[in-house]
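In UniProt numbering, the protein residues as written are 1 to 192. Virtual Cβ for every residue (Gly too), placed ideally from N, Cα, C. Keep in mind it's a predicted model, so treat the numbers as computed, not measured. Below you'll find the structure, written out as structure tokens, and then a few comments.
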Amino acid sequence: DPELRKILSLTTADLRFADYLVKHVTENRDDVFLDGTGWEGGDEWIRAQFTLYLHSLLSSALQEDNERLLADYGAPFVSAWKITHNYRVWFSNKHPGMTVITPGHPFQGQYSVADVKLRLSHSVQNSERGKKIGNAMMTTSRSMVQTGKIVGQSVGGALTSAKSAMSSWFSTLAQPAPPASSGPEPVAEVKP
1 DPELRKILSL TTADLRFADY LVKHVTENRD DVFLDGTGWE GGDEWIRAQF TLYLHSLLSS
61 ALQEDNERLL ADYGAPFVSA WKITHNYRVW FSNKHPGMTV ITPGHPFQGQ YSVADVKLRL
121 SHSVQNSERG KKIGNAMMTT SRSMVQTGKI VGQSVGGALT SAKSAMSSWF STLAQPAPPA
181 SSGPEPVAEV KP
């Protein structure tokens with residue numbers, strides 16, 4: 001559904017958040033102080049990150065003149081959320097604890113080259129054309145690797161032959177020359 005796709009499209013701040021989560025979950029950590037705790041990148045850590053994300057969204061929704069704060073969450077998403085029963089029930093209650101939570105997206109900030117790379121990567125991975133290009137790249141990559149192995153074997157064999165030929169040629173050059181003669185040997189006179 002194109003309308004749902006528009007509502008659920010990720011903002012740059014959301015892409016930063018997702019990238020942060022993926023990096024921490026897939027990263028190998030060799031920290032003496034965290035050894036055996038399994039906190040960062042673990043289930044509880046991920047839950048804490050999403051809790052922060054949602055609390056920041058809710059805190060932003062309570063602010064006066066909050067359009068700029070909520071833009072990092074996606075204006076179409078926030079607009080769709082504000083017309084739901086969930087939002088009306090939540091907004092009608094008092095939330096004194098929300099005053100201590102900093103409003104705004106946890107990953108808001110200035111755009112950078114890394115953001116462009118994230119956006120491009122996300123667009124390519126999530127579009128039909130991008131998936132086709134990705135599959136074609138994988139097929140081409142596999143073919144190149146296989147061709148490289150075959151060429152490498154034949155070139156490798158030729159290089160080995162060339163090395164041995166050069167090596168034997170150099171070894172003949174390095175051998176000492178046979179002693180040179182000082183002219184024709186005298187012929188002994190034969191008497192009858």
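Local Cβ density within 10 Å of residue i, reported as buried at 16 or more and exposed below that
i: residue 199; result: The structure shown has nothing for residue 199, since the chain only spans 1 to 192.
i: R16; result: buried
i: D72; result: buried
i: T11; result: buried
i: G97; result: exposed
i: S56; result: buried
i: L69; result: buried
8 Å contact criterion, which residue i and residue j should meet: CB distance rounded
i: residue 196; j: S60; result: Since the first residue shown for the chain is 1 and the last is 192, residue 196 is missing from the structure and cannot be characterised.
i: H85; j: L62; result: With a Cβ gap of about 18 Å, H85 and L62 do not count as contacting.
i: E27; j: G41; result: 7 Å
i: S9; j: G74; result: 7 Å
Where the alpha helix (DSSP H) through residue i begins and ends
i: T11; result: It is not in any alpha helix (DSSP H) - T11 carries neither H nor E in the DSSP assignment.
i: Q49; result: 43-62
Legend entry - Within the region 65-121, ranges of the alpha helix (DSSP H) (whole runs, at least 4 residues): 67-71, 75-82, 85-92
Inset, instruction - Would you check if there are 3 or more beta carbon pairs closer than 8 Å linking the region 74-88 to the region 41-53? - result: no
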